[in-house]
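Residue numbers (this note's numbering), protein chains in the order written: chain A, 1 to 216; chain B, 1 to 195.
Reading through the structure tokens given below for one structure.
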Amino acid sequence: MNEPRRLSQSGGVSQRLLDSASIDKPSAAARRRASLLAATTGSFSTTSSRSSAAPMPRSSVVKTLATWMVIGAAASATLALAGSKLLDFSGDRSKSQGAAPTLAELPVAPSASPDIAPEPKRSVQEPTLAASAEELREIEAVRAAIGRGDDAGAIAGLDDYDRAHLDGPRKAESTALRIEALYKSGKTAEARTLLIDFQNRYPTHPLLKRVRALAQ
Amino acid sequence: MSRVLERSFSLGHAAPVTTLGGVDESRLRQVVSQHFDVLWRFLRRLGIAECDTDDAIQEVVLVLARKLDQVEVGSERSFVFSTAVRVASGFRRTLRNRREVGVEEAGLAELESPPELGPEALAEKKRLRAVLQQVLNELPMELRSVFVLYELEELTMVEIAQTLELPPGTVASRLRRSRELFEGMAARAVERMES
Numbered sequence: 001m002n003e004p005r006r007l008s009q010s011g012g013v014s015q016r017l018l019d020s021a022s023i024d025k026p027s028a029a030a031r032r033r034a035s036l037l038a039a040t041t042g043s044f045s046t047t048s049s050r051s052s053a054a055p056m057p058r059s060s061v062v063k064t065l066a067t068w069m070v071i072g073a074a075a076s077a078t079l080a081l082a083g084s085k086l087l088d089f090s091g092d093r094s095k096s097q098g099a100a101p102t103l104a105e106l107p108v109a110p111s112a113s114p115d116i117a118p119e120p121k122r123s124v125q126e127p128t129l130a131a132s133a134e135e136l137r138e139i140e141a142v143r144a145a146i147g148r149g150d151d152a153g154a155i156a157g158l159d160d161y162d163r164a165h166l167d168g169p170r171k172a173e174s175t176a177l178r179i180e181a182l183y184k185s186g187k188t189a190e191a192r193t194l195l196i197d198f199q200n201r202y203p204t205h206p207l208l209k210r211v212r213a214l215a216q
Numbered sequence: 001m002s003r004v005l006e007r008s009f010s011l012g013h014a015a016p017v018t019t020l021g022g023v024d025e026s027r028l029r030q031v032v033s034q035h036f037d038v039l040w041r042f043l044r045r046l047g048i049a050e051c052d053t054d055d056a057i058q059e060v061v062l063v064l065a066r067k068l069d070q071v072e073v074g075s076e077r078s079f080v081f082s083t084a085v086r087v088a089s090g091f092r093r094t095l096r097n098r099r100e101v102g103v104e105e106a107g108l109a110e111l112e113s114p115p116e117l118g119p120e121a122l123a124e125k126k127r128l129r130a131v132l133q134q135v136l137n138e139l140p141m142e143l144r145s146v147f148v149l150y151e152l153e154e155l156t157m158v159e160i161a162q163t164l165e166l167p168p169g170t171v172a173s174r175l176r177r178s179r180e181l182f183e184g185m186a187a188r189a190v191e192r193m194e195s
């Protein structure tokens, strides 16, 4: 194929313009961003494809099975606990003849509500399950403290919870409980501020109605 | 869904990121590192604005990650070029609906200034570079990609035919046509700039 002489060697206006392209050079920042992108894309695709594309070593299969069994057991326990709470709650309601339950009496939400941004996927490991169970236990303890009128204890428990789980999946519940504890302990201004924040962060959360009711 | 993923679908890439096949991570990093400069300047020369360059690069990297196992060793640059042309075409279609990329926006803010140029020479070069982009932007994409690959990236016509998967005759006719258009527009643009 006959190659025509390039315009950058032909002189004249075209050459002047084409020569100006010699300053095209990306900045170090742009290069860093691309390297980071390649690293994250590579890692992500490797992780996400492992289950479907790459053959998994036998030890990993066994480990995965064991992990899923643990998950199954934990999920069953959580559902059973939530179910029993729900039954207790129904019973309490019938006893109190329609009196609205307090937040502390409400059952634990079985999962994060849809209005909260989904959590980043975690690797399925036992520490995550343990952490989840720990969170549940802490929330339950706070709920119990509010139930027996120990508002200061509940707030202290919520402080501990916040320190341990900065953005845990039960953050909305813990915030709602804190609002209730604050109202009950007479700190209405603080509770109101937190309520506004709760409304902004979780505008469609099922607990919002209950939390608003506390402010009235 | 992010803008990039939406465009990945619109460009006809069948699978989203989450279904990427097994990828040789170290090879991907190596290819990106090795061809980043070429890819960056090629995208810019195809008319991708500075603010969109990261997005465009991301799209190319995603396609590369997904298809890397099908790219023969030694053909990476060609693959990067051909993917960049498709990505740039997609961006141009999107941009046409969103806004036109002006000369200023074709911007050179993130360029590293060549140390050998004085401030005046650099300013002059930047002005010319902006005019060049204006002229390139006026070429239809199918002509622009051939023109940029030949005149600026200095590929041979055979390499361009292989990269863009075009018959050699088509490359030759596109190059001829693009050069005619470019020379006419360049003369007028520089005249306007200097008057």
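We treat Cβ as the ideally placed atom computed from N, Cα and C, and that holds for glycine.
Out of the options, state which residue places its alpha-carbon closest to the alpha-carbon of residue i.
i: A:E173; options: A:A141, A:S185, A:P4, A:S14; result: A:A141
i: B:R27; options: B:I57, B:A49, B:V73, B:V63; result: B:V73
i: A:L136; options: A:K171, A:G186, A:A152; result: A:K171
i: B:A121; options: A:P26, A:S22, A:A34, A:R201; result: A:S22
i: B:E138; options: B:L181, B:G118, B:P167, B:E154; result: B:L181
i: B:R144; options: B:E194, B:L155, B:G184, B:S178; result: B:S178
i: A:Q9; options: B:P168, B:E59, B:Y150, B:T83; result: B:Y150
i: A:R143; options: A:K187, A:R178, A:G12; result: A:R178
i: B:L166; options: B:G118, B:Q70, B:E142, B:E194; result: B:E142
Buried or exposed: which applies to residue i, given that a residue is buried once 16 or more other Cβ atoms fall within 10 Å of its Cβ?
i: A:E180; result: buried
i: A:S14; result: buried
i: A:H205; result: buried
i: B:V158; result: exposed
i: A:D196; result: One point to set straight first is that residue 196 of chain A is Ile, not Asp, in the sequence displayed. The residue is exposed, with fewer than 16 neighbouring Cβ atoms inside 10 Å.
i: B:K125; result: buried
i: B:A56; result: buried
i: A:A29; result: exposed
i: B:R174; result: buried
i: A:P26; result: buried
i: A:A191; result: buried
i: A:G3; result: Note that residue 3 of chain A is Glu in the sequence shown, not Gly. Under this definition A:E3 is an exposed residue.
i: A:A215; result: exposed
i: B:R188; result: exposed
i: A:G149; result: exposed
i: B:E59; result: buried
i: B:Q34; result: exposed
i: B:T53; result: buried
i: B:Q133; result: buried
i: B:T83; result: buried
i: A:A34; result: buried
i: A:G168; result: buried
i: B:R176; result: exposed
Determine, using beta carbons only, whether residue i and residue j come nearer to each other than 8 Å.
i: B:R44; j: A:D24; result: yes
i: A:L36; j: B:V61; result: no
i: B:V135; j: B:A186; result: yes
i: B:V171; j: B:A161; result: yes
i: B:R66; j: A:A39; result: no
i: A:V211; j: A:A189; result: no
i: B:R41; j: A:S20; result: no
i: B:F36; j: A:R31; result: yes
i: A:G157; j: A:E134; result: no
i: B:L152; j: B:V85; result: no
i: A:D151; j: A:S185; result: yes
i: A:A145; j: A:G153; result: yes
i: B:D24; j: B:L68; result: yes
To the nearest whole angstrom, what separates the beta carbons of residue i and residue j, a pair I think is in contact under 8 Å?
i: B:A88; j: B:L46; result: 4 Å
i: A:L17; j: B:V190; result: 7 Å
i: B:I48; j: B:F91; result: 6 Å
i: A:Q199; j: A:L208; result: 6 Å
i: B:E76; j: B:V131; result: Actually they do not touch by this definition, with Cβ atoms about 32 Å apart.
Quick check on residue i - is its C-beta less than 8 Å from some C-beta in chain D?
i: B:A187; result: No chain D appears in the structure shown, which is made up of the protein chains A and B.
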